[in-house]
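The listed protein sequences derive, respectively, from chains D and L.
Note that numbering that gives the first Met the number 0 gives residue 29 to position 30 of the first sequence, counting from 1, and the numbers run on in steps of one.
Note that numbering that gives the first Met the number 0 gives residue 66 to position 67 of the second sequence, counting from 1, and the numbers run on in steps of one.
See structure below.
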Amino acid sequence: MNNFESQLSAFGKQRYSQTNKNLRYIINPRQRNISLSWITTPVAVGIGILIGLGIQLHPDLKPQTINQLECNETKKVIILPEFCYTDFATTIELPKFEIVINQINNEL
Amino acid sequence: MIFWRPYKNISDEELMRLVQCRDEKAFDELWQRYMPTIQNFFYRRTGGDNDLTEDLTQDIFLQLWNTKTQYDSAMKFRPWLFTIAFNLLRNIYRNIDYQEIYKTEVINTTQEAQEDNTALQIDNERLFDALKKELELLSEAEKLLFDLRFTDELSIKEIAAIFSIPEGTVKSRLHTLILKLRNKLHDYE
């Protein structure tokens, strides 16, 4: 490499380092995905727990026994026939088995 | 780490072979090595657009990961990466006025250089200023060739691989380019 080419190389190096001064740090796309998962995973788990607790605590969504349902005479429930003589009731939606709790009580 | 060898001691090509086996640490090492170079390359060619530079740099490494199986391990990694970068730029320039952007970038860099002259030798200052002006007058192909050779410091062989042309052609074009600049700048040498 002659002297002029060395000067061109020196110019190139200067150009490179001056450009570097203007650059922002870029996050590795793989790390960015991971860092997002660090945020989203606990949030998703938290939301899941809250929904789970809500289901557990909400009276309309809790599995209830017939004895508990008897306290609320206007409540409609779905009863599967094989469980009619047990203390189990479920909220699975099967319209043909939908009856008013008072009617169950009368039949029982 | 492969057995006792830390990733920083592994060649680019070996790292790429590990990436092909979904080794994420190998990908991180390539990112550490080449992110600044690629970012610098894009910044100079997008008129100093940091957002576009960031997007393109992210894109190229995502492409690297997504197309890892297409990498031929017999090929040198650096020219392969620059080829992806070059193709990405070609797609972008279909929509952007490259000529206008390049001029803006060169002018900005010139202004920055004028503000930061303390580290330069006095003889070189005059030459560099004149060189910047001459670069603006070059064709796009010449500008790119100049940058790849002198700013990105790629070898003749690597440049030949990027443009898919024989090494002899690169040498000849480079020789013509240097001669052209030398004739115009001989007063500053």
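Cβ coordinates follow ideal geometry from the N, Cα and C atoms, glycine included.
Asked: Exposed unless 16 or more other CB atoms sit within 10 angstroms - verdict on D/Lys20; Found: exposed
Asked: Where L/Arg181 sits in the DSSP three-state scheme; Found: helix
Asked: Residue-chain proximity (D/Gln6, chain L), Cβ-Cβ < 9 Å; Found: yes
Asked: Cβ-based burial, L/Pro78 [other Cβ within 10 Å; buried from 16]; Found: buried
Asked: Alpha helix (DSSP H) runs wholly inside the region 147-182 of chain L, at least 4 long, in chain order; Found: 155-162
Asked: Chain D within 9 Å of L/Glu23, Cβ atoms only; Found: yes
Asked: N- and C-terminal bounds of the alpha helix (DSSP H) containing L/Thr36; Found: Glu23 to Arg44
Asked: is_contact[L/Phe277, chain D] using C-beta, thresh 9 Å; Found: Not covered by the structure: residue 277 of chain L. The range shown for chain L is 0 to 188.
Asked: Minimum Cβ-Cβ distance from D/Pro41 to chain L less than 9 Å; Found: no
Asked: Beta carbon proximity, L/Gly47 to chain D, threshold 9 Å; Found: yes
Asked: For L/Arg125, the residue or residues it bridges with in DSSP; Found: Paired residue(s): none; L/Arg125 is not in a bridge.
Asked: Within-9 Å CB hit, D/Gly11 to chain L; Found: yes
Asked: Own chain residues within Cβ distance below 8 Å of L/Thr168, not counting five before or after; Found: Ala159
Asked: Rounded C-alpha distance that separates L/Thr109 from L/Lys131; Found: Model confidence at L/Thr109 stands at a pLDDT of 45, short of 50, so the residue's coordinates are unreliable; what they give is reported in the following sentence. Computed Cα separation, rounded: 7 Å.
Asked: Under 7 Å by beta carbon: chain D residues contacting L/Glu53; Found: Arg23 and Ile25
Asked: Rounded separation between D/Ile46 and D/Arg29 - CA only; Found: 25 Å
Asked: Whole-Å CB distance - L/Phe60 paired with L/Thr52, under 8 Å assumed; Found: Between L/Thr52 and L/Phe60 the Cβ distance is about 13 Å, and since that is not below 8 Å, they are no contact.
Asked: Simplified DSSP state of D/Arg23, which is helix, strand or coil; Found: coil
Asked: Euclidean distance between Cα positions of L/Leu147 and L/Glu135; Found: 16 Å
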